[in-house]
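Trainee: Residue numbers (mature numbering (1 follows the signal peptide of the UniProt record, and there is no 0)): -19 to -1, 1 to 225. Please find one structure pasted underneath; my questions will follow.
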Amino acid sequence: MRLCVFVLAILTAVVFTGAQVTHVDMNIYGCSDTRPGEDFYGLDGEEMGHADFALKQFVMTLPEFADPFSYGQGAFSSAVAKQHACLENVRFEMQVINDSEEVLTPPESSIYTRKLVKPGVNNTLICHVTGFFPPMLRLRWAKNYVYQIKGIIMSRSRLNKDGTFNMFSALSFTPEQGDVYSCTVEHQALAQPLIKEWMYSKGGDPENALHSIIPSVVCGVGSAVGLLAIAIGIFLIIKGSKCN
């Protein structure tokens, strides 16, 4: 499989109160001969919108607090045209370039919670995967070693500055003691799946760990006070014996 990716970055200088600020306006699109393509627009490293080829429309992904903005009705038509051109380039390259070994870069992953963990309170587990090439991979969530299909959000693969890609997935869950969650990543650069686990256990999260430390500190202070009282008592006994 060959992947054709085109990257366009436009630097614009905007003046605010005499200070020059540089912003990066980016359009990245890519196509593959085996999977749907990508076409998204971003500003300063944040996505503003992307073409959804399954829904056949351009989707704005700006947060609710951002100023309303749209690329217009022609954005999806433009994305489709770029996909056709990109696929033609892929077919041409496959004909004129000899097949060579593709450079593969294996992913790295990490798993963490969105909020401080409290038993029985809904939270979100996040699995961040980065540093991989090519950008296709498979990510699966499991609870107590049973794969999950509900409450999962998957991002698209996004380009890093070094030419590799990153993505994340989120799983909505309610932590209960003893539950084990895992994020499994499969990629062609890996000899075996990359698995990261997260387990909730009493005293294992930052909040409970803090509570478990406090009694120890109190006990330690109490012991120190007790030893000091004993030492003072012994001193007074010895002092009284000398006076007699």
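We put the beta carbon where it would ideally sit given N, CA and C, even for glycine. This one's a predicted model, so the numbers in the text were calculated from it and none came from an experiment.
Please report the Cβ distance between Phe57 and Lys37, rounded to the nearest whole angstrom; I am assuming they are in contact, meaning their Cβ atoms lie under 8 angstroms.
Mentor: Indeed, because the Cβ distance is near 7 angstroms, the residues count as touching under 8 angstroms.
Trainee: In terms of residue numbering, what span does the alpha helix (DSSP H) encompassing Ser150 cover?
Mentor: Premise fails: Ser150 lies in the beta strand (DSSP E), Phe146 to Phe154, not in any alpha helix (DSSP H).
Trainee: Ends of the beta strand (DSSP E) at Gly23?
Mentor: Unbroken beta strand (DSSP E) run through Gly23: Glu19 to Leu24.
Trainee: In angstroms with no decimal places, state the Cα-to-Cα distance between Trp179 and Val77.
Mentor: When rounded, the distance between both Cα atoms is 48 angstroms.
Trainee: For Ala139, write down the residues that DSSP places opposite it in a beta bridge.
Mentor: Note on identity: in this sequence residue 139 is Arg, with Ala being the wrong assignment. In the DSSP output, where bridge partners are listed per residue, Arg139 has Asn147.
Trainee: According to DSSP, simplified to helix, strand and coil, what is Glu167?
Mentor: Here Glu167 sits in strand by DSSP.
Trainee: Have a look at Ile107, Gly159, Ala32 and Leu85 and flag the residue whose alpha-carbon is nearest the alpha-carbon of Leu62.
Mentor: It is worth fixing the name first, because residue 62 is Ala in this sequence and not Leu. Ala62 has its Cα closest to that of Ala32, out of Ile107, Gly159, Ala32 and Leu85.
Trainee: Alpha carbon to alpha carbon, how far is Ser51 from Ser13?
Mentor: Cα-Cα distance, rounded: 27 angstroms.
Trainee: Quick check: the Cα distance between Thr3 and Glu74, rounded to an integer number of angstroms?
Mentor: Rounded to the nearest angstrom, the two C-alpha atoms are 36 angstroms apart.
Trainee: In the DSSP assignment, find the alpha helix (DSSP H) that holds Val61 and state where it starts and stops.
Mentor: Run containing Val61: Gly55 to Val77, per the alpha helix (DSSP H) assignment.
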